[in-house]
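Everything on this sheet refers to the single structure shown next.
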Amino acid sequence: MINKKASLITLSVLACTALPVAAEISPQKMADAIFAVIESDRTVYAKRVVNRLQNEEEVITAEEHWEDEKALPLPAQMLRYGAERVAEKDLGVTYALLSTWPINKQNEAVTDIEKKGMEFIVENPTKRFYSEETLNGEKYFTAVYQDIAVSEACVTCHNDHLDSPRTDFEIGDVMGGVVLRIKLD
Amino acid sequence: MKKKNGFGFLQYGILVTVVMSGLLAYSMFNGDRKLFLPGKTTHGHHQIELKCDTCHVESFKAGEPMQEACLSCHSESLAQAKDTHPKTKFTDPRNSDLLANLNAIECATCHIEHSPEITGEHGVTLPEDFCFYCHRDIANERSSHDGFDFESCGNSGCHSYHDNRALYEKFLQKNIEKPKVLNSKKTLTVNGLAVWKSKNKDIKPLSAEQHDGININNYLPLFVDQWQDSAHAQTGVNCSGCHENQSHENQSHENQSHENQSQSAFNTALTVKVCSECHSRQTDGFKQGLHGMKLSLGMKPLKVLEARLDMKSGARQQELNCGSCHAPHRPDLKLAAVTSCQGCHDDQHSNNYASSKHAALFEEELSGELAEGEGVSCASCHMPRKKKGKLVYVEHNQTLNLKPNSKMLRTVCMNCHGLEYATAALADKSLISRNFSGDFIEEHPSFNMVRVRMEERRRAKEERRRAKEEKRHSKGSITDNPTN
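From first to last, the protein sequence lines stand for chains A and B.
Note that our numbering numbers the first sequence so that position 4 is 5, with each residue one more than the last.
Note that our numbering numbers the second sequence so that position 294 is 314, with each residue one more than the last.
The following block contains the structure:
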């Protein structure tokens, strides 16, 4: 959780010498750092696991119902599972994968800030969106990052899905966004 | 004016208070605590209703952490069910408006105990149309649902709040045109003995002459005759392997919880403890289910007379332990699969089993006309075989596979039947009562919706293919035309 008044938090970090070192980090920098981990992990999984095993070596596919199909989870599911684990830890940090064109309607923007953020990142594919919002009486720093179509599998699945509101995605398109929230004191 | 005789309202009040306090204190510390029950408990909890601290972990104070108590017993089954409404779905701040409608992060929001007047199926205490709170716009997403009552969401074969493993669209689609009865109709075959033998090749079977039970109380030569053909003798388990566990140490625990133990050398409650030393997977399951849940809390074993289901009057004093269903000296899995169940259960479904097709198949299996696993016993459906690695074992927690009955589709019904036929059968309460004898409507509306969706999907795919071709064609025309 971040102190909103100061817009900064002070972290006590143990340095290599085991001496306490005071450091400061803004909510935005913290959000960017967390997103970098989320995005990197997913890209590594998508390219080094799913793409290699499914498309290059053709030994196993990635499917939504991966347990029943004895397949790999989709990269987007890996992101969601990670988000659930983080939510269980109750650290004041949550994130979700949303879209303006979601297959599951529960994954469309709900709050005003989410709607603004999703519009912004689609219109400005190279810029990130940052804001603050109050939900259920709690204040949050909210960041929205682009989710780009990185492989043919993302595009084909969304274009072919009966419930998909958009069927002309191409690789490199912004398909949705990761909304990351940090609870402020 | 009349003078008071010294024993007025105040004195009567004190006397009544003292007597009432005494009664309540006796009920709490020495009695059965029933005076403290605020209302009839649910089917799932009535066996443990007098062990208040199982749920009320901090003595009824406001905001007590009851949720942890719920999860201490139910979290494993929720995880196995791939709970479709997990807590994390609602703790995300973006869903705070949903939480304002329904505090779905606590079990007690939907499952309030001691409230029989509002308790419906599966212990749910919300009105049956509770899905409306969050899914009121479902007809906008799925026009097929237009006009459906929200009370019907949980109909068998449609949706379940927690467990939708056999109810999601792609699963229905994958299994949609299967025949009523599959060609490969067979349950898994239990192989615990074979797996054990493959890992313990150095242990030799015991013969009747090698038994060491001559000095055990109530010894009978008949027991040895039975034992010598049993899996116990084959795996080198001698009489003392089970009977020596009647040490004082083992009995002391049982004595606390089992006052009415029989005088036999091998008391009933002790069997679970002894059996668990080799059969822990089975006894753990038994203690998690309705048959053995009291034992898991250190209570006296369940007696048949405590059951709320219809039971045979002659079985009322019977206690539930391993020996209730399994003959201890001659473990006979087929005896345990039907005869034992029917010894107690006296409801229509149980009583109609004998005249059912399933029972006829089981008779054929017993006579050798059918292979092992091709007959259908009570246990085939209510204590299904499970596979873990190479091992196939019997799941003894029958509650895992009971309600809502769609839980049985994957674990049981689909071993022999097509999914739509089985789903339609489980949705027909009268058919279940008849133990699946007689006619029923063999179609289920969910599958017709899926058929429509499959056709829509096929058409959409065809349209996309055609649009792509046209695009390619028009590009080709432009390129071919030298004037462009």
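In this text, a Cβ means the ideal position worked out from N, Cα and C, and glycines have one as well.
In this structure, the CA atom of N52(A) is about 13 Å from the CA atom of A72(A). In terms of Cα proximity to E148(B), the closest of L55(B), K224(B) and H131(B) is H131(B).
About 6 Å separates the Cβ atoms of P351(B) and S250(B), confirming a contact at the 8 Å cut-off. In the DSSP assignment, no residue is bridged to Q368(B). Within the model, the alpha-carbon separation for L92(A) versus S152(A) is close to 32 Å. Residue pairing of G177(A) in beta bridges, as defined by DSSP: D148(A). Within a 10 Å sphere around the beta-carbon of V38(A) sit fewer than 16 other beta-carbons, which makes this residue exposed. CA-CA distance, A88(A) to F36(A), rounds to 15 Å. Residue-level contact check: D166(B) does not touch chain A, since none of the beta carbons of chain A fall below 8 Å from its beta carbon. Here the alpha carbons of E264(B) and E394(B) stand approximately 39 Å from one another. Contact check between the segment 170 to 188 of chain B and the segment 89 to 108 of chain B: three or more CB pairs, one atom from each, fall below 8 Å, which counts as touching. In terms of beta-carbon proximity, D112(B) lines the interface with chain A, with at least one pair separated by less than 8 Å. Taking the CA atoms as reference points, E70(A) sits about 14 Å from L192(B). Note that the segment 198 to 211 of chain B touches the segment 401 to 419 of chain B; at least 3 beta-carbon pairs, one per stretch, sit closer than 8 Å.
Shortest Cα-Cα distance from T255(B) to any of Y32(B), K323(B), K377(B) and H299(B) involves H299(B). Taking a Cβ-Cβ cut-off of 9 Å, S163(B) has no neighbours in chain A, whose nearest Cβ is about 12 Å from it.
The beta carbon of K410(B) sits no closer than 8 Å to any beta carbon of chain A. Taking each of H378(B), K377(B) and D304(B) in turn and checking the Cα distance to H416(B), the smallest one comes out for D304(B). Scanning Y131(A), E133(A), N137(A) and D164(A) for the CA closest to the CA of S163(B) turns up D164(A). Interface criterion met: the Cβ of R484(B) is under 8 Å from a Cβ in chain A. By the beta-carbon neighbour count (other beta carbons within 10 angstroms, threshold 16), V294(B) is buried.
Look at A72(A) here: in three-state DSSP terms it is coil, with no helix or strand label. Within 10 angstroms of the beta-carbon of V22(A) lie fewer than 16 other beta-carbons, which makes it exposed. With its beta carbon less than 8 Å from one in chain A, T108(B) belongs to the interface. Going by C-alpha positions, D459(B) is about 12 Å away from Y441(B). Take the alpha-carbon of L390(B) and the one of V396(B): they are about 11 Å apart. V22(A): member of the beta strand (DSSP E) spanning P21 to I26, first to last residue. Within its own chain, no residue has a Cβ closer than 7 Å to the Cβ of K30(A) once the five positions on either side in sequence are excluded. Closer than 8 Å at the C-beta level to chain B, one finds these residues of the segment 100 to 124 of chain A: K106, V111, T112 and E115. Legend: CB atoms of the segment 380 to 411 of chain B lying less than 9 Å from CB atoms of chain A are not found in any residue. In the DSSP annotation of this structure, E134(A) is not part of any alpha helix (DSSP H); the continuous beta strand (DSSP E) holding it starts and ends at F130 to L136. Residues of the same chain with a CB within less than 7 Å of the CB of T111(B), apart from the 5 flanking positions on each side, are I125 in chain order. If you ignore the 5 residues before and after S400(B), its C-beta comes within less than 6 Å of the C-beta of T207, all in its own chain and listed in chain order. Nearest Cα to E476(B) within the set D161(A), L98(A) and D174(A): D161(A).
Chain A places no beta carbon closer than 8 Å to that of E475(B), leaving this residue out of the contacts. CA-CA distance, T135(A) to G118(A), rounds to 15 Å.
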